[in-house]
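**Q**
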Amino acid sequence: MTPINILIVDDREENIVTLEALLKRDDIKLFTTTSPNEALKIAWENQICIALVDVQMPEMDGFELVEMLKSNPRTKDILVIFVTAISKESKYVVKGFGAGAVDYLYKPLDPYVTSAKVDAFIQLSRSQEEIKQKNEQLQNMALVVKNSADIICSINADSLRIETINQAVETILGHKPEEVLDKSIVDFAIESEQSAFRKKLGEIIRENQPFSVMEFQFSTFNKSVIWTECRVSYRGRTIFMNISDVSPQKSYEQQLIKSKEAAEYGKKIKETFLANMSHELRTPVNGIIGLTNLLKKTNIDEQQENLLTMMETSSRSLLGVINDVLDLSKIEAGKFSIVRTPNNVRALVNSVYGLLKYQADEKDIEFTKEIDNDVPEMLQLDSLRLNQILMNLLSNALKFTDRGYVKLKVSVLQKIDDSRVKLKFSIEDTGIGIPASRLTKIFESFEQAEDDTSSKYGGTGLGLTIVKKLVELKGGELTVSSKLGEGSVFNFTNWFNIAHESNTPKPVKVGRKLAPFVNTRVLVAEDNMINQFMVTKMLKDWSVEFEVADNGYKALEKLKEQDFDLVLMDTHMPGLNGYQAARAIRMDFEEPKRSVPIISLSASAFEHEQVEAISSGMNDVLPKPFEAHELHDKMIRLLKKRIKPKMPA
C-alpha cells in the first residue's frame, strides 16, 4: 500500500515531536516544519494529502497558510486539520472552516481522538485519490471513444435504442450523432437483415453474453450499403457496441473467393480438356498400334514387315508425346504419386539399357553401362518412375550424340548400415552440349537448348521438365554440367531404403499363344470401330462369343435381352457413357446380371477417371493402348475357371 503523505506545521518543536509520536505508522509518511513558508514549499514539491496546521505562528498564522494552500490548484485538495490551543469559540471555528479546514484538534491533544480523526481522514484521502484516478481514466477513455475511427455506442437493452454514440457515426454512416440518439440500432441494418440482427441482439441479452462478434450489412445516409463488424458487450441492461466498417476486407475476401472459383473452374476445364484429349488421341493411337500388331501376324514379306515396324515405332513415339503432356499436367495438379515397392535395381537398369541399345547401334555410337559392385540388388523404389527418368535422360543423350559414346553409371555415394543407401545415376555423353546461358532453362516446360533444336532433332521440350519434377517428387536432386560441342553429364542422386524381398513381376513373353476360354460370352460396349475390330479379333482368337454395342443405351438393352459372363465397357461413349451404364447395371438390374463383371476400357490416363470407374461399379480398369495378354489376364482373374488348359506353344 502506498503511504499517505502528512504535513505537520507548528512553530514549536515539542508539539511536532508529540504529533510524530502519535502518528507514527507504516502507512504514513510525515513531513514536518516550524516555518509556514517552508510548509508551502513542501506542499508544492510533494503530494501532501493531509496537513496538521497550528493556528498561531509568528510569520503567518494558520488561517493565512491554509488560504494560500487552497488558492493554488496544485495544493487545493489537501485536507487541513487545525491544531490549536486558543479558545473554542465559534468565531474561530467558523474562520477555520472558511479558510478551508475540515476539522479541529485542540491542545492538549487526546491521543485516541487524534489517531481516530487522522485515520478517518486517511481513508477519506485514499477514496479521493481513487476517485481522481478513475476520473482521469474516464477522461482518457472518453478521449479514445471520441476520436475512435469505429462507431462506439451504448444501447438500451429493453428498447434497443441508442443512448450515446461517438462522432465516427458521421464518418461511417453519414449521420450526425445527435440525429441518431434514441433511434433503434436495428434500423441501421439493411431491411433483409434487420430480423436476424434483432434476433442476435435478443440472444445476447437473453443468454447474458459478456462478449460477441457478428457481421451485418448497414445502410448509410446516402442509401449505400456497407459491411460492418459489430463487437458487442452486454452488462447491466446496457449493450455496448463497437461497429467497424469492414467493406474493404469483405470486398477483398469476395475477390479472393471469385478468383478461387475461377481458378477451380479453369482447373476443371483444363482437366476435362486433357481427359478428352487423352481419350481422343490415345484411342486412334491404340487402334494404329493394335492393327499394326494384327497385320504383323498375317502373311507379309520382309519389306512390309519393316514398314509395319516403322509404323508401330511412330505410333509409340506419338503415344510418348501424349503421355509427356498428361504426366506434366498431373504433376502440376499434384495428382502424381510415388509408389515404392521392393525392386531389383540392377534388373531395371539392364532392362532400360537393353531397350535403348538398338538406337545406339543404329547411330554407330558406343553405349555402355556400369553398376558398382556395392550397389544393393533390392531397393524400395518406384520402378515405373525410375524407368521413366532413365529412359528420358538416356534417350536425350542418344538423340543429341552423333559420335563418341553415351555412358550410364550407377554408384554408391553413402550407405547407412544395411538400411539406407544414397545412389548416383550418371548419364554422360559426347553430344552437342548445352550453352551455359541455357543450362538453367532446359528444365522449364517447352524449353530446349537452342531455338532450332526442335526442328533439327524433334521433341516437345517436356522430357527434362518431367524428369526434374519426378526426381524432386522422389526426394532426389538432378544436376547438369555441359560444354558446347563436347557433351553433357546429367547426375541424379537419391536416397533409397534397402529391401530384402523381390516385387519384380515375371516377364511376359510378347506374342505368346494365349489359351482360349470355355463357354464364355462377352458384351463389348465400344463406340470406336477400330477398337471394336481389335477387341473382337482378340476375343475370336480366344474362342469367346461376343456382342457389340456402340453406346451405353444399346449395351443395357443387350444385357436385358441376353446373358453375358463379362462386359468390356468403354468409358467415353455418346449418349450414355460407360460410368452411367455401369451404375445402371449395378442399381437397376436383378441378380445375377447386376453382379456381372465389368472391365473399364479407357483411353484416359487420369487417375480420377480410373477412380470414378471403380466407384461407378466396374471391377477393373484397363487403360488403352493395351496388349492382348493384359486383357487376357484380367479376364482370367474375373472369370476364374472359364479357361481351357494352355495349348503348347
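Every number in this note's numbering is 359 more than the matching position in the sequence shown, counting from 1. C-beta atoms are modelled at their ideal positions from N, C-alpha and C, and glycine is treated no differently.
#1: Counting only the same chain and skipping the five closest in sequence on each side, list residues whose C-beta sits under 6 Å from that of Gln969.
#2: Express the C-alpha separation of Ser754 and Leu998 in angstroms, rounding to a whole number.
#3: With a cut-off of 8 Å on the beta carbons, I'd call Asp788 and Thr760 a contact; round off their distance for me.
#4: Tell me whether Met737 sits in a helix, a strand or coil according to DSSP, three-state version.
#5: Between Phe347 and Arg779, which are expected to be in contact by the criterion C-beta below 8 Å, what is the C-beta distance as a whole number of angstroms?
#6: Can you give me the start and stop residues for the alpha helix (DSSP H) that Ala943 sits inside?
#7: Starting from the C-beta of Gln891, find all residues in its chain whose C-beta is less than 8 Å away, skip the five residues before and the five after it, and write them out in chain order.
#8: Determine the extent of the alpha helix (DSSP H) in which Pro470 is found, giving its start and end residues.
#9: Buried or exposed for Gln747, please, with buried defined as at least 16 other CB atoms from any protein chain shown within 10 angstroms of its CB.
#10: Buried or exposed: Leu772, going by 16 or more other Cβ atoms within 10 Å of its Cβ?
#11: Would you mind reading off the limits of the beta strand (DSSP E) that contains Ser592?
#12: Grab the span of the beta strand (DSSP E) containing Ser306 for me, first residue to last.
#13: How about Thr587 and Ser603: do their beta carbons lie closer than 8 Å?
#14: List the endpoints of the continuous beta strand (DSSP E) containing Leu927.
#15: Tell me the DSSP bridge mates of Arg779?
#16: From what residue to what residue does the beta strand (DSSP E) around Leu366 run?
#17: What's the call for Ser841, buried or exposed, on a 16-neighbour Cβ count within 10 Å?
#18: Closer than 6 Å by C-beta to Ile791: which residues in its own chain qualify, once you throw out the five before and the five after it? Chain order, please.
#19: Considering only residues of the same chain and omitting the five flanking positions on each side of Ile375, which have a CB-CB separation below 6 Å?
#20: Name the residue from Leu428, Ala501, Gly646 and Asn396 whose alpha carbon lies nearest to the alpha carbon of Met419.
#21: Report the rounded CA-to-CA distance for Ser814 versus Leu667, giving the unit in angstroms.
#22: Exposed or buried, Met928, counting other C-beta atoms within 10 Å across all chains shown (16 or more means buried)?
#23: How long is the line joining the alpha carbons of Ile973 and Ser785, rounded to whole angstroms?
#24: Thinking just about the alpha-carbon of each residue, which of Leu560, Trp901, Ile401 and Asp924 is nearest to the one in Asp517?
#25: Does Arg594 pass the burial test, meaning 16 or more other C-beta atoms within 10 Å, or should it be called exposed?
#26: Pop quiz: Ile549 and Gln576 are said to be a contact at Cβ under 8 Å. What is the actual Cβ separation, rounded to whole angstroms?
#27: At 3 residues or longer, and completely inside the segment 872-921: list those beta strand (DSSP E) runs for me, N to C.
#28: Between the Cα of Met416 and the Cα atoms of Glu372, Phe456 and Ile407, which residue gives the shortest distance?
#29: If you compare alpha carbons, which of Val839, Lys828, Phe632 and His988 is closest to Leu799?
#30: Who are the Cβ neighbours of Asn887 in its own chain at under 6 Å, not counting the five residues just before and after it?
#31: Apart from the five residues just before and just after Pro866, which ones in its own chain have a Cβ nearer than 6 Å to its Cβ?
**A** So, from the data block:
#1: Position 610 of the sequence shown, counted from the start, is the residue given in the question as residue 969. Around Gln969: Val980.
#2: Sequence index remark: in the sequence shown, residue 998 carries index 639 (1-based). Sequence index remark: in the sequence shown, residue 754 carries index 395 (1-based). About 41 Å.
#3: Reading the sequence shown from its first residue, position 429 is the one you call residue 788. Reading the sequence shown from its first residue, position 401 is the one you call residue 760. About 5 Å; that satisfies the 8 Å criterion.
#4: Counted from its first residue, the sequence shown places residue 737 at position 378. DSSP places Met737 in strand when its eight states are reduced to three.
#5: As displayed, the chain neither begins before 360 nor continues past 1008, which places residue 347 out of reach and without an answer.
#6: Taking the sequence shown and counting its residues from 1, the one referred to as residue 943 is at position 584. Per DSSP, Ala943 belongs to the alpha helix (DSSP H) from Gly937 to Asp947.
#7: The residue you call residue 891 lines up with position 532 of the sequence shown. Closer than 8 Å at Cβ, skipping near neighbours: Val883, Glu885, Val907 and Asp909.
#8: One-based indexing of the sequence shown puts residue 470 at position 111. It spans Pro470 to Asn506 - the alpha helix (DSSP H) in which Pro470 sits, taken as one unbroken run.
#9: On the sequence shown, residue 747 is found 388 positions in, with the first residue counted as 1. Classification for Gln747: buried.
#10: The residue given as residue 772 occupies position 413 in the sequence shown. Classification of Leu772: exposed, given that the 10 Å Cβ count is below 16.
#11: Here residue 592 corresponds to residue number 233 of the sequence shown, with the count starting at 1. Residues Val584 to Arg594.
#12: Residue coverage of the chain in this structure runs from 360 to 1008, which leaves residue 306 outside it and unanswerable.
#13: If you number the sequence shown from 1, residue 587 lands on position 228. If you number the sequence shown from 1, residue 603 lands on position 244. Against a cut-off of 8 Å, the Cβ pair of Ser603 and Thr587 comes out as a contact.
#14: Reading the sequence shown from its first residue, position 568 is the one you call residue 927. Leu925 to Asp929 is the span of the beta strand (DSSP E), which, as asked, contains Leu927.
#15: For the purposes of this step, residue 779 is taken as the residue at position 420 of the sequence shown. Paired residue(s): Ile775 and Asn856.
#16: As a first step, residue 366 is located in the sequence shown; it is residue number 7 there, counting from the start. From DSSP, the beta strand (DSSP E) with Leu366 extends over Ile363 to Val368.
#17: Residue 841 sits at position 482 when you count from the first residue of the sequence shown. The residue in question, Ser841, is buried, as its Cβ has 16 or more Cβ neighbours within 10 Å.
#18: Numbered from 1 along the sequence shown, position 432 holds the residue referred to as residue 791. Same-chain partners within the cutoff: Phe759.
#19: Position 16 of the sequence shown, counted from the first residue, corresponds to residue 375. Counting only Cβ-Cβ distances below 6 Å, and skipping sequence neighbours, we find Ile367, Asp369 and Thr391.
#20: In the sequence shown, counting from the first residue as 1, residue 419 sits at position 60. For the residues Leu428, Ala501, Gly646 and Asn396, the minimum Cα distance to Met419 belongs to Asn396.
#21: Position 455 of the sequence shown, counting from 1, holds the residue named residue 814. Position 308 of the sequence shown, counting from 1, holds the residue named residue 667. Here the model assigns Ser814 a pLDDT of 37, short of 50, so the residue's position is not dependable, and the following value carries that caveat. A direct Cα-Cα distance of roughly 25 Å separates Ser814 from Leu667.
#22: The sequence position of residue 928 within the sequence shown is 569, counting from 1. Buried: at least 16 other Cβ atoms inside 10 Å.
#23: Position 614 of the sequence shown, counted from the start, is the residue given in the question as residue 973. Position 426 of the sequence shown, counted from the start, is the residue given in the question as residue 785. Approximately 40 Å between the Cα atoms of the pair.
#24: Position 158 of the sequence shown, counted from the start, is the residue given in the question as residue 517. The shortest C-alpha separation from Asp517 is found at Leu560.
#25: As a first step, residue 594 is located in the sequence shown; it is residue number 235 there, counting from the start. By the 10 Å Cβ count, Arg594 comes out exposed.
#26: On the sequence shown, residue 549 is found 190 positions in, with the first residue counted as 1. On the sequence shown, residue 576 is found 217 positions in, with the first residue counted as 1. 5 Å between Cβ atoms; contact.
#27: 880-884 and 904-908
#28: Within the sequence shown, numbered from 1, the residue matching residue 416 stands at position 57. The residue with the shortest Cα to Cα distance from Met416 is Glu372.
#29: Locating residue 799 in the sequence shown gives position 440, where the first residue counts as 1. One detail in the question is off: residue 799 reads as Thr in this sequence, not Leu. Nearest of Val839, Lys828, Phe632 and His988 to Thr799, Cα basis: Val839.
#30: Position 528 of the sequence shown, counting from 1, holds the residue named residue 887. If we look at Asn887 and ignore the five residues flanking it on each side, its Cβ neighbours are Thr642.
#31: Numbered from its first residue, the sequence shown carries residue 866 at position 507. Its pLDDT being 47, under 50, Pro866 is placed unreliably by the model, and the measurement read from it follows with that caveat. There are no such residues.
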